[in-house]
Amino acid sequence: LAWRLVLGLAIGVLTFTAPMYLAEVSPERNRGAIVASYQLMITIGIFLAFLSDTAFSYSGDWHWMLGIIAIPGFLFLLGVLVLPDSPRWLMMNGRKSEAVEVLHRLRADPGVVSAEVADIEAQLKIPQRGMKMFVNNSNFRRSVGLGVLLQFVQQLTGM
Numbered sequence: 001l002a003w004r005l006v007l008g009l010a011i012g013v014l015t016f017t018a019p020m021y022l023a024e025v026s027p028e029r030n031r032g033a034i035v036a037s038y039q040l041m042i043t044i045g046i047f048l049a050f051l052s053d054t055a056f057s058y059s060g061d062w063h064w065m066l067g068i069i070a071i072p073g074f075l076f077l078l079g080v081l082v083l084p085d086s087p088r089w090l091m092m093n094g095r096k097s098e099a100v101e102v103l104h105r106l107r108a109d110p111g112v113v114s115a116e117v118a119d120i121e122a123q124l125k126i127p128q129r130g131m132k133m134f135v136n137n138s139n140f141r142r143s144v145g146l147g148v149l150l151q152f153v154q155q156l157t158g159m
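Residue 53 in the UniProt record's numbering sits at position 53 of the sequence shown, and the numbers go up by one each step.
Here it is, written out as structure tokens:
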């Protein structure tokens, strides 16, 4: 049961970090499709977990039903160990040369790398307005509130 808690926390963190990471490392022309495929893979994973649970539920091997979720989690952990750092994160932390190196590994065209570095630099110069926008903009507050409400209601459905 403790592992279910760990799994729940891991999935909670993953639901907002993975799409953000995918968006940061994906080429601009494929970004939407790649980020959308993340949610598709989550849905396929839920379906496969349902099939696995169904297969083990009639055999009495409930230990396998709970233990089998460790396999994709372990594979994911191994995959995460070889992922490059986000170029945007590297540049936010003053590591521009490493960010350029990562972008060269991710992109074939040096011109695209230069343009993306310039774009990231320009975006990092823009002052962040997150909390000010939340406090001063009622439409933004309403949108955030609706998003939180939808997530809460989704959890109540058992998904």
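Ideal Cβ positions, reconstructed from N, Cα and C, are used throughout, including at glycine.
Self-check item: Exposed unless 16 or more other CB atoms sit within 10 angstroms - verdict on Leu83
Solution: Along the sequence shown, one-based indexing puts residue 83 at 83. By the neighbour-count rule (16 or more Cβ atoms within 10 Å), Leu83 is not buried but exposed.
Quiz prompt | Same chain, Cβ closer than 6 angstroms to Phe56, five either side skipped, listed in chain order | solution = The count along the sequence shown starts at 1 and reaches residue 56 at position 56. Contacts found: Trp64, Met65.
Exercise. Give the range of the alpha helix (DSSP H) segment to which Leu90 is assigned.
Key: Residue 90 sits at position 90 when you count from the first residue of the sequence shown. That run of the alpha helix (DSSP H) goes 87-92.
Exercise. Pick helix, strand or coil for residue 161, following the three-state DSSP scheme.
Key: Outside the modelled stretch of the chain, which goes from 1 to 159, sits residue 161, for which no answer is possible.
Quiz item: Along the chain, which unbroken stretches of the alpha helix (DSSP H) at least 4 residues long are found entirely within the segment 70-131?
Solution: Counting whole runs of 4 or more residues, the segment 70-131 contains the alpha helix (DSSP H) stretches 70-81, 87-92, 96-106, 110-125.
Quiz item: What do you get for Ala36, buried or exposed, if any count of 16 or more other CB atoms within 10 angstroms of its CB means buried?
Solution: For this step, residue 36 is matched to residue 36 along the sequence shown. By the Cβ neighbour-count rule, Ala36 is exposed, with fewer than 16 other Cβ atoms within 10 Å of its own.
Quiz item: For Gln39, which of Thr54, Phe16, Glu24, Ser26 has the nearest alpha-carbon?
Solution: For this step, residue 39 is matched to residue 39 along the sequence shown. Of Thr54, Phe16, Glu24, Ser26, the residue nearest in Cα terms is Phe16.
Quiz prompt | Where Met131 falls, given that 16 or more other Cβ within 10 Å makes a residue buried | solution = Counting from 1 along the sequence shown, the entry for residue 131 is found at position 131. With fewer than 16 other beta carbons inside 10 angstroms of its own, Met131 counts as exposed.
Quiz item: Which one of Ile44, Ser138, Trp62, Val117 has the shortest CA to CA distance from Met92?
Solution: Numbered from its first residue, the sequence shown carries residue 92 at position 92. Ranking the options by Cα distance to Met92, first place goes to Val117.
Self-check item: Backbone CA spacing between Arg107 and Ala115 [nearest angstrom]
Solution: Within the sequence shown, numbered from 1, the residue matching residue 107 stands at position 107. Within the sequence shown, numbered from 1, the residue matching residue 115 stands at position 115. When the Cα atoms are used, Arg107 and Ala115 turn out to be separated by approximately 11 angstroms.
Quiz item: Taking three-plus beta-carbon pairs below 8 angstroms as touching, is the segment 146-153 in contact with the segment 121-129?
Solution: These segments do not touch.
Quiz item: Which residue from Leu51, Ile68, Pro27, Leu81 puts its Cα closest to that of Pro110?
Solution: On the sequence shown, position 110 is the one that residue 110 refers to. Of the listed residues, the one whose Cα sits closest to Pro110 is Pro27.
Practice problem: In angstroms with no decimal places, state the Cα-to-Cα distance between Ser97 and Arg88. | Solution: Position 97 of the sequence shown holds residue 97. Position 88 of the sequence shown holds residue 88. Annotation: Ser97 to Arg88 spans about 12 angstroms, alpha carbon to alpha carbon.
Quiz prompt | Beta-carbon separation (whole angstroms), Phe134 vs Arg141, contact threshold 8 angstroms | solution = Within the sequence shown, residue 134 is the residue found at index 134, counting from 1. Within the sequence shown, residue 141 is the residue found at index 141, counting from 1. Right, their Cβ atoms sit about 6 angstroms apart.
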